Each structure stands twice: as structure tokens, then as C-alpha cells.
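A.B. asks: Sequence order for the protein chains is A and B.
The first sequence: position 61 = 61 (the numbering used here), numbered continuously.
Just so we're on the same page, the numbering used here is the position in the second sequence counted from 1, plus 1000.
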Amino acid sequence: MGANLLSNYGEVIAMVLFGLGFGNLLLQKNLIKKIIGLNIMDSAVYLFLAEKGYIESRIAPILVQNEAGELVRDASKYINPIPSGLVLTGIVVSVSVTALMLSLCVKLYERYHTLDLDKVAAIVKKGEQ
Amino acid sequence: MGASIIRNFPSWSIMLCLFSGIVSSVLKKRGARLVNTILLLSVSVMSGALLIFTWNSGVAYTYQMGNFPAPWGNELRFTCLEAAIALFFCIIMFLSLFGGNEHLNAEVEGRKHNLYYVLTDLLLASLLALLYTNDMFTAYVFVEINTIAACGLIMVRQVGRTIEAAVRYMIMSLLGSGLLLMGICMLYDMTGQLLMTQMHDSVVQIMATGDYHVPMTVAVCIITVGLAIKSALFPFHAWLPDAYGYSTVGSSAMLSSLVSKGYIFLLIKIIYRVIGFEAYHDTKIIHVLFIFGLCGMIFGSVSAIKENDIRRMIAFSSVAQIGYIYMGFGLGTFAGMSASIFHIFSHAASKSLLFIAAIGLTDVSGGSRKFSDLTGAGYRHKIAGVAFTVGSLSMVGIPLFPGFISKILFAQASIQNHGKMLPALIVLAISTILNAIYFLKTVIRLYTPVENSEYTVARAKEHKGYTLALILFIIINLAIGTCSEYLVNVINGGLLNEIAEGGKSLLNLLQTTLPA
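#1: How many angstroms separate the CA atom of B/R1168 from the CA atom of A/R73?
#2: Quick one: measure Cβ to Cβ for B/I1491 and B/S1338, integer angstroms, because I've assumed they're closer than 8 Å.
#3: Please decide whether A/Q28 counts as near chain B, where near means a Cβ-Cβ distance under 7 Å.
#4: Mind pulling the beta strand (DSSP E) runs of 3 or more residues that sit fully within the stretch 1260–1337 of chain B?
#5: Note down, in chain order, all residues in the stretch 1042–1072 of chain B with a beta-carbon under 7 Å from any beta-carbon belonging to chain A.
#6: Cβ closer than 7 Å: which chain E residues qualify as neighbours of A/V93?
#7: Given a cut-off of 7 Å on the beta-carbon distance, is the pair B/M1327 and B/G1293 in contact?
#8: Tell me the DSSP secondary structure of B/R1077 in three-state form.
#9: Using a Cβ-Cβ cut-off of less than 7 Å, give me the residues of the stretch 1188–1203 of chain B that come near chain A, in sequence order.
#10: Would B/G1323 and B/F1404 be called neighbours here (beta carbons separated by less than 7 Å)?
#11: Along the chain, where does the beta strand (DSSP E) that runs through B/T1062 open and close?
#12: Taking just the CA atoms, how far does B/D1189 sit from A/V97?
#13: Assuming B/W1055 is part of the alpha helix (DSSP H), what are its boundary residues?
#14: Three or more C-beta pairs closer than 8 Å, one from the stretch 1094–1102 of chain B and one from the stretch 1060–1070 of chain B: is that the case here?
#15: Thinking C-alpha only, which one of B/E1164, B/R1033, B/I1163 is nearest B/R1111?
#16: What is the rounded straight-line gap between the Cα of B/I1014 and the Cα of B/E1075?
#17: Cβ closer than 7 Å: which chain B residues qualify as neighbours of A/V43?
#18: Residues of chain A with a CB under 8 Å from the CB of B/F1137: which are they?
#19: Give me the chain A residues within the contact set of B/V1218, using Cβ-Cβ distance strictly less than 7 Å, ordered along the chain.
#20: Going by Cα to Cα distance, which pick from B/T1448, B/F1290, B/V1396 is closest to B/L1422?
#21: Let me make sure I understand the geometry here. Which of B/T1283, B/I1415, B/S1352 has the alpha-carbon closest to that of B/F1334?
#22: Using a beta-carbon distance cut-off of less than 8 Å, what residues from the stretch 45–72 of chain A approach chain B?
#23: Straight-line CA distance for B/I1480 to B/C1185?
#24: Taking a cut of 7 Å between CB atoms, which residues from the stretch 1158–1185 of chain B lie near chain A?
#25: Would you mind reading off the limits of the alpha helix (DSSP H) that contains A/R111?
#26: If I measure Cβ to Cβ from B/L1434 and keep anything under 6 Å in the same chain, skipping five residues before and after, which residues do I get?
#27: Quick check on DSSP: helix, strand or coil for B/Q1193?
#28: Using 7 Å as the limit for Cβ to Cβ distance, is A/L5 near chain B?
#29: According to DSSP, is B/Q1412 part of a helix, a strand, or is it coil?
#30: Could you tell me if B/E1107 is buried or exposed, where buried requires 16 or more neighbouring beta carbons within 10 angstroms of its beta carbon?
#31: Check each candidate in B/F1473, B/S1394, B/D1201, B/Q1412 and name the one with the smallest Cα separation from B/G1336.
#32: Alpha helix (DSSP H) containing B/V1159: first to last residue?
#33: Given this structure, state the Cα-to-Cα distance separating B/S1011 from A/N4, to the nearest angstrom.
#34: Are B/L1127 and B/F1078 closer than 7 Å when you measure CB to CB?
#35: From the DSSP output, which residues share a beta bridge with A/L71?
#36: Helix, strand or coil: how does DSSP classify A/K52 here?
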């Protein structure tokens, strides 16, 4: 068990980061800190994917020439390209979501003059009574 | 010839939605609305044709996007069930927009109207993609598009508490989609596939060898919890009442009846098509879903009884209804799943009707949502009163209305599971009584006469579109309630296709789960 964790340290770190980001997104009161948590969580997933796609002693999946000047077309020389593609897609999604969250932040601050969600909830409750 | 064209319809409808969204962003309000109406009509026609085609052939079709074969390309997969849900979603969305149009005009700034239609087009695109797609990562991307579109629909009305509601909605949704993404990545790492059908083959192999049992269970749990958060299962429902209660009425109707259902249907697809129903059953998370479903049925209704705001009361009732759906999953039988899917239809039809009807009632009560002001509103706005009564009766489970059929299907399904029969039936009975308390209380209040009321009486002539939308909603509810056997046949046909494709012995499963 311990040896397994040690040899797959990249995945372990990714999981720890995922937990940290998830906890921050869930528990922080400050909206900006929540968004930072969201970004840590998403990056952890990309680290996990990159770690899983990497194969020891192989190179990035871009066609290269060998010493004789021919293109190396043998797939066993390259790492798995699909996780990289998934990471790219994921980054696009996370950037757009972050942008949306930040714009919501601006709107929230304009209206309530605080980024603390508990205070916002208190103001909202007061306004109702 | 005809068949080969019809097979393209799912991908065409998704593309059409995406393009209409793009075009609407540069159009004026009327143009965007026209594009949206044409889009909804054409997608309905295409889904209807697809429904007839798949129903007659009775098999599942796989459509390769761009003709790239299986491990490389992206795929769509559809049976009569997907086509029926797509048709139903289009109709509900059309009627919700139609009924909520007056309020949209009043509550949203003029130059932002076309953006509202951009959001609805994208919402429809993502819903259709969630229905049809056969690729896990595509599903994740469209889940995010769905979330963003839904967030926009909540905060397009920039008064009151919508911004706070939108922030809460986004945070919970992002937690859910983070878990979903992690689960999909884990499944991909174990199986090496992204297409659902191919993934299933690898999952079967992995399960047979017995390796990776723990990671597989973790991945399944993470995905289930992620989608449960997004569809507001009981302990994760805190964002729901604000989001449904304060957004403009068309958005509320669409959010409650369509958005959460898209996620639930994705979960059903993952259960059947990727993990396999029996393997999912063995992970034990099904019992957790069952218990949370039961809790949701009770606590959602209790919160609704305590509520003094009619819109928030209807929103809390959604928590209870989502609980019913997950309770059906938790029964772990074919009949339970079929009942859950039927409840997706019946809840969507009744809940959107209730939201649209409630807004008419609050309009004739000086815009107040408090019950004390709503006294006698059924006399002031006759058609809205009748519509609200129809929706309430359906939610309580009176025969003739869809809610009755789903309750009876849930009861029949629970009888087949001996361990869970008693809790399911007891909670079903309690929940029905609680539903009756708050819905019938409201109906009685609506028809309590008040002397010399200061509020005006609404005339049907002044609200033609709204009246027509309500009448059509009532007709749809009655149609689902009275012709339920066709719908149940479609649902069972679609589910049986999934099981047969999953490589299971169909007969074996039927013998254990269906009555002799």
C-alpha cells in the first residue's frame, strides 16, 4: 500500500489538491477564496489526467525525426495524447466558468458591498423582514 | 432513404440549437424570439419523427459524428425513450416561454431580451446533447454548458435576491461538476475508453477479474454524488428554493422541470450503459440514494408546509419530487427505474404548470406572494386558479392526473423489492398526506371568498398568450394522466434496449424484476 502510494506520488498529490480545492469551494465564506478553491480543484484534475497519460521514457505526441531523418510513426515511442486533449477541453471549460463566477462576484459586491456570503445572507434576511 | 435521413436528426437538432444561439446574439428581441420559436418547433418535429421511427423499429441506433469509427470518433446513441424525452422537453420549454413572456417583458431590460433567448437556445442544446450523447467527456462539457445557461436564466432578472441565488446555484453546481469530472477521469483511467458502450465492455472485464474494485466503487460514488448535487437531491438542496423562487417565471418553470431532469437522465444512462445495472446495484450506493430519496420526500414537504411564499413553496415541493425519483433508483429494480422515468415526465408537466399558474395568481394579488394576500385569488384570475388546482391535484396524486400514475408505479415497484417495500410504501403514504396538506391548503385559500377585495380581476382577453399556455399545459397533464400506458411502453422499450445492449441476459433480469 505504502509503496504503491510512493510510486504513484503524482496521483496522490492530485487527490490531495482536489480535496483541498473541494473543501475551499465548499467551506470558505469569501467568494474570491471560493473561486481560488475551484481553480485548485480543476487543476488537480488536470494534474491527475496528465500523470495518467504520461508513460515513462516516452516523448510528447508530436511527430519527430530520428537520426536518419525519417518521421517516427511508431506509436510506442509517444505518450498517450488523449488525456492532453481532455485537459485542454477542461481548461476551456474552467476558464469560462471562472470568468462567469468573477463577473457574479462583481455584481454581488456592487449590490451588497461585501464578498462574505454569510454577511450577504444576513443582509438578504434583514431586507425581508 | 428516409431512414438514413432520420438518423441524422439528433445531431441536426443539437447543431441547430447551437447555431440559433449564435445567430440570436446579434438579433433584436423580436428576431431572437422568432428564431427561438422556429427552433423549438423544428426540433419538436424532428424529435417526433425520430420517436415514430425508433418506436416502429424498436432498436437502438448509434450515430457516428463525422463517420469516424468507434474508438476515435464521437457518437450519439438513441432509442424511442430519448426521442420521447426530447419531444417532451421541447414542448415544455415552448409553453414555459409562452406563459412567462409577459413577465419576461416586464422584468428584463429591453436590450437584454435577445440574450435570454440565446441562453434558452444553449440550454436546449445542452439538454439534447445530454440526452443523446454516447461519450462521457462530451457529457461533462455539456453539463457545464447547461450549468452556465441555467445560471444566466436565474440572474437575467436583476432584482431582489437573484444574484445571491445565482451565486449559490453556481457554487453547488461547480462542486457537483468537479466531482463528476474526477469520476469520469478515474473511469477513463481504468477502462481506457471514453465512449459509453466501449467503456461498459472494459468495466465488465475489470469487474470479472476483481482488480480495481475499490477505485471502481469510488468512481461510481463520486459520479453519483456529483449528479445528485446538481439535481438537488435532499441534503444538497439548499440552493434550490432561492434559485427557483426568485428568477423570472419562465426560467423557474424551465429550471425545475428540465434542467435537473437532464442530469438525472445522464445518471440513468451512466447506470445502465456504462456501469451496468447489476454492477451498480452491487456498489451499495443505491441504498444511500434510497435513504436520501426517502428523507427528501419527507423534509422537502415539511419545508414546503412551513413556507409562507407560494413560489418558494412550489420550489420546496420540487425537493420532495426529486426525492421520489431517487427513491425509484434506490429500489434497484427495473420497475423502479421505469417509475422514476415516468415521474420525470409527470413532475416536469405538473411543476411547470404550477409555476406558470402561480404567477397569474400573484399578479391579481398586488404582486404579493404571501398566502394571506392570495385569499380568493382563484376568483380573480379564473384560468390560473383552475390550472393551479390541476397541478396541485396532480402533485397530490388524484386519479386522471399524471402524479397518480407515477405514485401507483412507485408503489407497484416497491412491492417487488421485499427489503425496501415497507419503508418505501410508508414514506410514500406520509409524503402523499404532506403533499395534500400544503397543496390543498393553498387551493382552499385560493377559493375562499373575500368580501370587497381591493385587487382587480384579470380578464382572459387581456392575457391571451398566458391563457392559451395554461390551457395547453392542462391538456398535456390530462393527456399524460389518461394515456399513461403508451408512455410507460415507450419508457420500458427504451430501458429494455439499454439492458439488451449491455450484453445481459434479458430474460434473467426480467424474471427477477417483473411480476409473473
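Glycine included, every Cβ here is placed at the ideal spot set by N, Cα and C.
On a predicted model such as this, the values are computed, not experimentally measured, just so you know.
C.D. replies: Judging by the given coordinates:
#1: 50 Å
#2: 5 Å
#3: no
#4: none
#5: none
#6: The displayed structure is made up of protein chains A and B, and chain E is not among them.
#7: yes
#8: strand
#9: D1189
#10: no
#11: 1061–1064
#12: 25 Å
#13: 1029–1057
#14: no
#15: B/R1033
#16: 13 Å
#17: It is worth fixing the name first, because residue 43 of chain A is Ser in this sequence and not Val. Simply none; closest approach about 11 Å.
#18: L86, T89
#19: By Cβ distance, chain A contributes nothing, its closest Cβ being about 10 Å from B/V1218, past 7 Å.
#20: B/F1290
#21: B/I1415
#22: V45, F48, L49, K52
#23: 39 Å
#24: R1161, I1163, E1164, A1166, V1167, M1170, I1171, L1174, L1175, G1178, L1181, M1182, C1185
#25: 82–112
#26: S1301
#27: coil
#28: no
#29: helix
#30: buried
#31: B/Q1412
#32: Taken as a continuous stretch (DSSP letters only), B/V1159 belongs to no alpha helix (DSSP H), as it is neither H nor E.
#33: 44 Å
#34: no
#35: A/Q65
#36: helix
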